[in-house]
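Going by my numbering, the sequence shown opens with residue -6, and the numbers climb by one from there. Every residue gets a Cβ at the ideal spot worked out from N, C-alpha and C, and that includes glycine. Notes for the one structure printed next.
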Amino acid sequence: REMSLEKGEERPLAMKDHTIHFDLAQEQARIIDRTFYIVNEGEKVSVLAKKILRDEACRYVKTHMTGIAKGKTLLVGFFSRGPIGAQAAIPALEITTSTYVMHSANILYRHVYDRFDEEAERLGLFFTNVHGEGPNRCEDLPNARVFMDRSW
-6 REMSLEKGEE
4 RPLAMKDHTI
14 HFDLAQEQAR
24 IIDRTFYIVN
34 EGEKVSVLAK
44 KILRDEACRY
54 VKTHMTGIAK
64 GKTLLVGFFS
74 RGPIGAQAAI
84 PALEITTSTY
94 VMHSANILYR
104 HVYDRFDEEA
114 ERLGLFFTNV
124 HGEGPNRCED
134 LPNARVFMDR
144 SW
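Here it is in structure tokens:
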């Protein structure tokens, strides 16, 4: 929270230890028109979901995310989506340059830094969330994407 306040991604509220973050008006909630499941050729997804072929998604990421953390602090969080050790709990990495995104993850998920390897080995997988903080300008929003890869 302190880093996010210093950086200006969050602002303090009158209530002690509470903050607020504003997205651009054009970016409120999810960018559902630019959210895709990464699929292999012939793979099916729900008719309600958008999909993008793996090769196309990889090209997009290489074009638009190369160097995205240059000159910024890259934050890495080790979390568990669910009670640590629970059968349904899934360990997850959060990798971002956004102090706000990391602050949110710190609130939402359980910290599992000291047991991450153990949890990943127990389950046989872990999620990786990679988030690139843009310059927060309206003109950059057309390039924003959310890609989800279910290949695990």
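Counted as a single uninterrupted DSSP element, the stretch harbouring M58 is not any beta strand (DSSP E) but the alpha helix (DSSP H) occupying residues R47 to M58.
Remark: three or more beta-carbon pairs, one from each stretch, lie closer than 8 angstroms, so the region 43 to 51 and the region 26 to 33 are flagged as touching.
For the pair R130 and V105, the Cα-to-Cα distance works out to about 34 angstroms. Classified as buried, F72 has 16 or more neighbouring CB atoms from the shown chains inside 10 Å of its CB.
Look at K65 here: in three-state DSSP terms it is coil, with no helix or strand label. Under DSSP, the beta-bridge partners assigned to T28 are V139. Following the DSSP letters along the chain, one finds L86 inside the beta strand (DSSP E) bounded by residues I83 to T89. Using a C-beta cut-off of 8 angstroms, the region 2 to 9 makes no contact with the region 79 to 88, since fewer than three inter-stretch Cβ pairs fall below that distance. With respect to the 8 angstroms criterion, A50 and F140 are classified as neighbours on the basis of their beta carbons. For the options I13, I24, E(-1) and H11, the alpha carbon positioned closest to that of N136 is the one of I24. Relative to R103, the option among Y93, A79, R115 and R52 whose CA is nearest is A79. Taking C-beta atoms as the reference points, L134 and L17 count as a pair closer than 8 angstroms.
N122: not part of any alpha helix (DSSP H); member of the beta strand (DSSP E) spanning F120 to H124, first to last residue. Rounded to the nearest whole angstrom, the C-alpha separation of V123 and M58 is 10 angstroms.
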